[in-house]
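In full-length UniProt numbering, the protein residues as written are 1 to 151.
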Amino acid sequence: MAELDKIAPDFTLTSHRGEHVALSDFQGKSAVALVFYPAAFTGRCTGELCELRDNIAMFDHGGVELLAISCDHPGSLAAFAEQEGYTFSLLSDFWPHGEVSRAYGAFIEERGFATRKTVVIDRDGVIRAEFETSPGEARDLASYRDALAQL
């Protein structure tokens, strides 16, 4: 479970581009917003990520790297990113299944996927904000703005 003002658990996941991305790669360089979501190619998840795509300047201007994480396979994420024109990284928590989602308290065991949880981490690797909704409820952009304001 993620805790405010604690060091964020480090991880390395494969991106939709086939690259290995570690949280520690950003330490000292940029803040990070981890956006956990249930599944690629579903209506609500696509809508949420498209809204972030269309408002990416709010992350860029704040020096925040946006990393979207699901338990989907990297190949599925590559097709999803290409179809929707996502410029931020989609990371696969496919194997070991849901390990990173579990570390951040975002994995729903009985359903086998992540809930909609956002964790904002500062340049020093410290968790500064988090919020979540149920899998069936989209996060609103105002929640992101409020979380980013904690940096």
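Glycine is no exception: its CB is placed at the ideal position from the N, C-alpha and C atoms.
These figures come from a predicted structure and were not determined experimentally.
Any chain B beta carbon closer than 8 Å to residue i
| i | result |
| --- | --- |
| Phe36 | Protein chains in the displayed structure number just one, and chain B is not present. |
Secondary structure of residue i, DSSP reduced to three states
| i | result |
| --- | --- |
| Arg17 | coil |
| Leu151 | coil |
| Phe113 | strand |
| Arg128 | strand |
| Glu51 | helix |
| Ala8 | coil |
| Thr133 | strand |
| Phe26 | helix |
| Thr46 | helix |
C-beta contact flag for residue i and residue j at 8 Å
| i | j | result |
| --- | --- | --- |
| Val35 | Ile121 | no |
| Glu137 | Lys117 | no |
| Ser30 | Val64 | yes |
| Gly62 | Leu141 | no |
Residue environment, residue i, which counts as buried when at least 16 other CB atoms sit within 10 Å
| i | result |
| --- | --- |
| Phe41 | exposed |
| Ser24 | exposed |
| Ile7 | exposed |
| Asp124 | exposed |
Same chain only: Cβ atoms within 6 Å of residue i, ignoring 5 sequence neighbours per side
| i | result |
| --- | --- |
| Pro9 | Ala103 |
Residues near residue i by beta carbon distance below 8 Å, same chain, minus five either side
| i | result |
| --- | --- |
| Arg53 | Glu84, Gly85, Tyr86, Thr87, Phe88 |
| Ile56 | Leu66, Thr87, Phe88 |
| Ile127 | Ala2, Glu3, Leu4, Asp5, Lys6, Ile7, Ala8, Val119, Val120, Ile121 |
For residue j and residue i, believed in contact at Cβ under 8 Å, the rounded distance
| i | j | result |
| --- | --- | --- |
| Ala114 | Cys50 | With a Cβ gap of about 18 Å, Ala114 and Cys50 do not count as contacting. |
Own chain residues within Cβ distance below 7 Å of residue i, not counting five before or after
| i | result |
| --- | --- |
| Glu48 | Tyr37, Ala138, Arg139 |
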